[in-house]
Amino acid sequence: MALFDALLELADDHLVLGHRLSEWCGHAPMLEEDLAMPNMALDLIGTARTLYDYAGQVEGKGRSEDDLAFLRGEREYRNCLLVERPNRDFAQTMLRQLYFVSFMHPYWTAAADSSDEVIRGVAGKAVKEMAYQIRHASEWVIRLGDGTEESARRMADAVEDLHLYTGELFEAGTETDDDVLPDRAALQPAWETTIDHVFGEAGLTRPVIPHPQTGGRAGLHGEDLGHMLADMQSPHRAHPGA
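So the mapping is simple: the working numbering equals the position in the sequence shown, first residue as 1, plus 394.
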């Protein structure tokens, strides 16, 4: 069930990051962001829903998108560790977003040529959403990195905290046929080009991480994901089908 597992990796990435963004609703530093961030979360969760639904069909065991999202424990989740990192502050959130969407934009661009009709459909919508989200995150990373002494310090701290998780973006826990989903490793140069451009304008330096932090694809997560899932899943588990 290679395709099923690969779809779960994609869906889990999008759902977990979407939920992290949704946690800013009512807490963003300005009204415009209080509207923008939940909308970006909805884009990610919408993609996750389609992928979960398709994964359920591929699996053929009658599991719905809700079953896959709300009735699996943290060790069954296959998201990369980057997306589950806590928000902490706005600099961390914007850098985490930049790292992820700068990978997913070329990923969905390549997936538009997939031999799988559903993947092509998801890619056609997602690539437009990722293009907007790159612009949004880039503007904030530059604004904070090249801003005040305080904002620059916080953005530099975010780079130090998060960059070691980026290597997992280019690793697939599950390999599929070459014409179904893109080769993640082949997209690293495009990602690095985007990050280097933004970092250049923000006055940041991209670190070299010889030993990236990985394990999410194998279900090895930190306690932060468990806390997040407990919060996210509790209504469905308490009132299934409500």
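Beta carbons: idealized from backbone N, C-alpha and C, even for Gly.
Using the C-alpha atoms, what's the distance from residue j back to residue i?
{"i": "Tyr446", "j": "Asp551", "result": "34 Å"}
{"i": "Met626", "j": "Gly541", "result": "35 Å"}
{"i": "Glu459", "j": "Met424", "result": "33 Å"}
{"i": "Ala636", "j": "Glu543", "result": "49 Å"}
{"i": "Leu558", "j": "Thr608", "result": "9 Å"}
{"i": "Val516", "j": "Thr441", "result": "7 Å"}
{"i": "Ala632", "j": "Gly467", "result": "15 Å"}
{"i": "Leu619", "j": "Glu511", "result": "32 Å"}
{"i": "Arg443", "j": "Met488", "result": "23 Å"}
{"i": "Val535", "j": "Ala485", "result": "7 Å"}
{"i": "Leu429", "j": "Glu417", "result": "12 Å"}
{"i": "Leu556", "j": "Val495", "result": "14 Å"}
{"i": "Glu562", "j": "Leu476", "result": "8 Å"}
{"i": "Arg578", "j": "Glu523", "result": "19 Å"}
{"i": "Glu569", "j": "Leu397", "result": "8 Å"}
{"i": "Thr588", "j": "Ser509", "result": "27 Å"}
{"i": "Tyr448", "j": "Asp399", "result": "11 Å"}
{"i": "His591", "j": "Val410", "result": "27 Å"}
{"i": "Asp437", "j": "Phe564", "result": "22 Å"}
{"i": "Phe464", "j": "Ala624", "result": "9 Å"}
Measure how close the beta-carbons of residue i and residue j come, nearest whole angstrom, since I'm counting them as under 8 Å.
{"i": "Val574", "j": "Ile513", "result": "7 Å"}
{"i": "Arg490", "j": "Arg479", "result": "6 Å"}
Grouping DSSP H, G and I as helix and E and B as strand, with all else coil, what is residue i?
{"i": "Ala548", "result": "Note that residue 548 corresponds to Arg in the displayed sequence, not to Ala. Helix, per DSSP."}
{"i": "Gln607", "result": "coil"}
{"i": "Trp502", "result": "helix"}
{"i": "Ala463", "result": "helix"}
{"i": "Arg514", "result": "helix"}
{"i": "His615", "result": "coil"}
{"i": "Thr599", "result": "coil"}
{"i": "Leu575", "result": "coil"}
{"i": "Pro583", "result": "helix"}
{"i": "Gly541", "result": "coil"}
{"i": "Arg482", "result": "coil"}
{"i": "Ser508", "result": "coil"}
{"i": "Glu417", "result": "coil"}
{"i": "Ser458", "result": "coil"}
Quick one: using the 10 Å Cβ neighbour count with 16 as the cut-off for buried, is residue i buried or exposed?
{"i": "Thr599", "result": "exposed"}
{"i": "Ser628", "result": "exposed"}
{"i": "Pro583", "result": "exposed"}
{"i": "Pro576", "result": "buried"}
{"i": "Gly539", "result": "buried"}
{"i": "Glu403", "result": "buried"}
{"i": "Leu614", "result": "exposed"}
{"i": "Met395", "result": "exposed"}
{"i": "Asn637", "result": "No answer is possible for residue 637: the residues shown for the chain start at 395 and end at 636."}
{"i": "Asn481", "result": "exposed"}
{"i": "Gly412", "result": "buried"}
{"i": "Cys358", "result": "No answer is possible for residue 358: the residues shown for the chain start at 395 and end at 636."}
{"i": "Val602", "result": "exposed"}
{"i": "His408", "result": "buried"}
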